[in-house]
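Residue numbers (the working numbering): 8 to 134. Beta carbons are placed, not taken as given, at the ideal position from N, Cα and C, and that holds for glycine. Computed from a prediction, not measured in an experiment: that's the story for all the values here. These notes concern the structure reproduced below.
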């Protein structure tokens, strides 16, 4: 009996499509989620980028304050099916360019919505 191994390219595409479909669902629902926090490693990386490129976007500490006050929402890029880029924004923002973090940068805590948790985990697996 011949064992069949998954094709890595097909598996990567399957995961990408699952990620995009879930992100579209969350984005189109306009649901606002409580902010679970930023993963410490993600925070460190964002701070390093801020130091290298000051003024490039909204400072992460300011974003965290807004996330805590407003909650968060899932937003897609202009062409989500093609790019698959997903952003987390403060609930009252529409500024994808300056006010974003990626799902993979969020912490997973007990209270995280299961769909958002899945989005975070898939996002981390795609890096």
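What's the gap between the Cα of residue i and the Cα of residue j?
i	j	result
residue 54	residue 113	14 Å
residue 13	residue 31	26 Å
residue 116	residue 45	10 Å
residue 49	residue 24	24 Å
residue 72	residue 38	19 Å
residue 57	residue 19	31 Å
residue 118	residue 52	25 Å
residue 104	residue 85	12 Å
residue 22	residue 95	19 Å
residue 131	residue 122	14 Å
Could you give the DSSP three-state label for residue i: helix, strand or coil?
i	result
residue 155	Nothing about residue 155 can be read from this structure; the chain reaches only from 8 to 134.
residue 96	strand
residue 84	coil
Let me check one thing: in DSSP terms, what residues is residue i bridge-paired to?
i	result
residue 40	79
Let's see if you can read the secondary structure: which residues bound the alpha helix (DSSP H) around residue i?
i	result
residue 59	47-59
residue 22	15-35
Problem set entry | Touching by the beta-carbon criterion (3+ pairs, under 8 Å), the stretch 100-114 and the stretch 60-67 | Touching, per the Cβ criterion.
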